[in-house]
Each structure stands twice: as structure tokens, then as C-alpha cells.
Amino acid sequence: MIQLYNVSKIYDNGVKALNDVTLHIRKGEFIFLVGPSGAGKSTLTKLICREELPSRGQVVINGRSLARMRKRDVPYLRRKIGMVFQDFRLITNKTVFENVAFALEITGASNKDIKRAVPAVLRMVGLEKKAKMLPAQLSGGEQQRTCVARAIVNNPVLILADEPTGNLDPETSWDLMKLFMDINRRGTTIVMSTHAWDIVDSMKKRVVALGDGVITRDEESGAYGYES
575 MIQLYNVSKI YDNGVKALND VTLHIRKGEF IFLVGPSGAG KSTLTKLICR
625 EELPSRGQVV INGRSLARMR KRDVPYLRRK IGMVFQDFRL ITNKTVFENV
675 AFALEITGAS NKDIKRAVPA VLRMVGLEKK AKMLPAQLSG GEQQRTCVAR
725 AIVNNPVLIL ADEPTGNLDP ETSWDLMKLF MDINRRGTTI VMSTHAWDIV
775 DSMKKRVVAL GDGVITRDEE SGAYGYES
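Residues 575 to 802, numbered by this note's numbering, are exactly what the sequence shown covers, in order.
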């Protein structure tokens, strides 16, 4: 599904974020990206959603080279990718329903489709009773579940999650991970950057470790591998 071939990324200030990275991610996998801050995890994620382009090498998704993709085709690529962030990034003056609906509105979905799809995903994440609330009225876990609902409402083939449990307490974090596991079981590929060593160690998914811009470890049923 996702292939990176000899990918390097060097920013204009001379920082080499990735150096000759080759990585293949299969459809339906659940992968943890781990490593210290500055290891290249965020850059790798940005390359996959074409927020950045590689300085060298190729990023290919479903057989399409992102470097060769026309700009007008990028929005169609991103509709197939759900994004979940540590800092939620909800629209503060919109309700839970409206935040999730916004992801459909920007794709040109009809009101009929929105009214059918949004309640369905809110039920899936356990927020059907919070639909009319604003983000400030929600707990951190509920805000993150709203983010997950927004990420999956377009039925993406891939979810990119950047430290999704970083602002959550342990119990809420595990509840969120159960939700991600359920989404993954439905066939959605998940690539998650995290420092949550306990979650990584317990779940025994594929672990790709980065350090100084290179892949230092790629293990099936892997562990976090760093001191907590």
C-alpha cells in the first residue's frame, strides 16, 4: 500500500530529517513509529500525506508516486487519509456534529449524506449523546474521540495518528487504543507515532524505530525499546 524507496528529506536550513529510508507498509497493518524527538517520525508522516515532498527518493501510495502527483489531485489523496493529532485541532465554535460534518462538507458531500454518515460514526466512537456539545464542554478523551470520528467519516484507507494519547490519562488512552484496534480490524491501515511505551509493549504490533533520520529497527510484534 505504502512504499518509501531511498527517501531523504533535507530542509532549507540544512537539517537532514530523513536519510535514505526504505519502508513498505502493507494494507491493513497497524504500525507504531517510535523514537526520540527529532528522529524523523513527523517528517515521515508528512511525506505520506504529501504535506512535504522528499528531497530524494520516491513515496508511492497504491501505485502512485506522490512526487509526480498533480497538485489538483492532492485533495483526493487526502480524502483517503484520516489524520488524528495530539492537540485535537477541533474547531472551537462548532459542535461535535459540526466538526465531524466539516470533513464531509469540504469534499462536497450532500446534506443527506452528512445526516446519514455523521450519526453513524458518532455512535461508533460512543459520542452520539454529545453531538450538540462544543469542544470546550468535552473531556480530553471525548475531544480525541471526536477527532477519530472526523478522521474516519470519509471511510479512509489509512489513518495517520500523531501522539494521539499524548494529552490523555492512562485509562482514557487505553479506551482510545481499543477504538483504533476496532477500526483496524475493519481493514483500515493505521500508522501511529507515539512515545507511549506501555501501549506499544502491550499491543505487540509492528514497530518501526527511527533515530537520526534512519530506520534503526523494524520488528513484527515489536516492543518500544527505549527507556521510559
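We treat Cβ as the ideally placed atom computed from N, Cα and C, and that holds for glycine.
Source: prediction; values computed, not measured.
Counted within 10 angstroms of its Cβ, other Cβ atoms place residue i as buried (16 or more) or exposed
{"i": "Val589", "result": "exposed"}
{"i": "Met766", "result": "buried"}
{"i": "Gly609", "result": "buried"}
{"i": "Lys583", "result": "buried"}
{"i": "Ala710", "result": "exposed"}
{"i": "Asn673", "result": "buried"}
{"i": "Lys645", "result": "exposed"}
{"i": "Gly761", "result": "exposed"}
{"i": "Ile757", "result": "buried"}
Pair within 9 angstroms by beta-carbon distance, residue i and residue j
{"i": "Phe754", "j": "Phe662", "result": "no"}
{"i": "Leu627", "j": "Ile789", "result": "no"}
{"i": "Leu607", "j": "Ile655", "result": "no"}
{"i": "Leu525", "j": "Arg653", "result": "A query on residue 525 cannot be resolved here, the shown segment of the chain reaching from 575 to 802 and no further."}
Opposing strand residues paired with residue i [DSSP bridges]
{"i": "Thr763", "result": "Leu732"}
{"i": "Ala783", "result": "Val608, Arg791"}
{"i": "Leu597", "result": "Leu578"}
{"i": "Gln632", "result": "Tyr579"}
{"i": "Ile584", "result": "Lys590"}
{"i": "Gly656", "result": "Ile733"}
Rounded straight-line distance, which links the Cα of residue j to that of residue i
{"i": "Thr619", "j": "Val695", "result": "24 angstroms"}
{"i": "Lys668", "j": "Leu592", "result": "37 angstroms"}
{"i": "Ile764", "j": "Ala783", "result": "16 angstroms"}
{"i": "Gly614", "j": "Ala723", "result": "27 angstroms"}
{"i": "Leu701", "j": "Thr666", "result": "17 angstroms"}
{"i": "Asn729", "j": "Val648", "result": "17 angstroms"}
{"i": "Pro744", "j": "Arg642", "result": "42 angstroms"}
{"i": "Val781", "j": "Glu737", "result": "15 angstroms"}
{"i": "Asn636", "j": "Ile688", "result": "27 angstroms"}
{"i": "Val699", "j": "Met707", "result": "15 angstroms"}
{"i": "Tyr602", "j": "Val633", "result": "Checking the sequence shown, residue 602 turns out to be Gly, not Tyr. Computed Cα separation, rounded: 18 angstroms."}
Can at least three beta-carbon pairs, one atom from the stretch 575-586 and one from the stretch 743-762, be found at a separation below 8 angstroms? no
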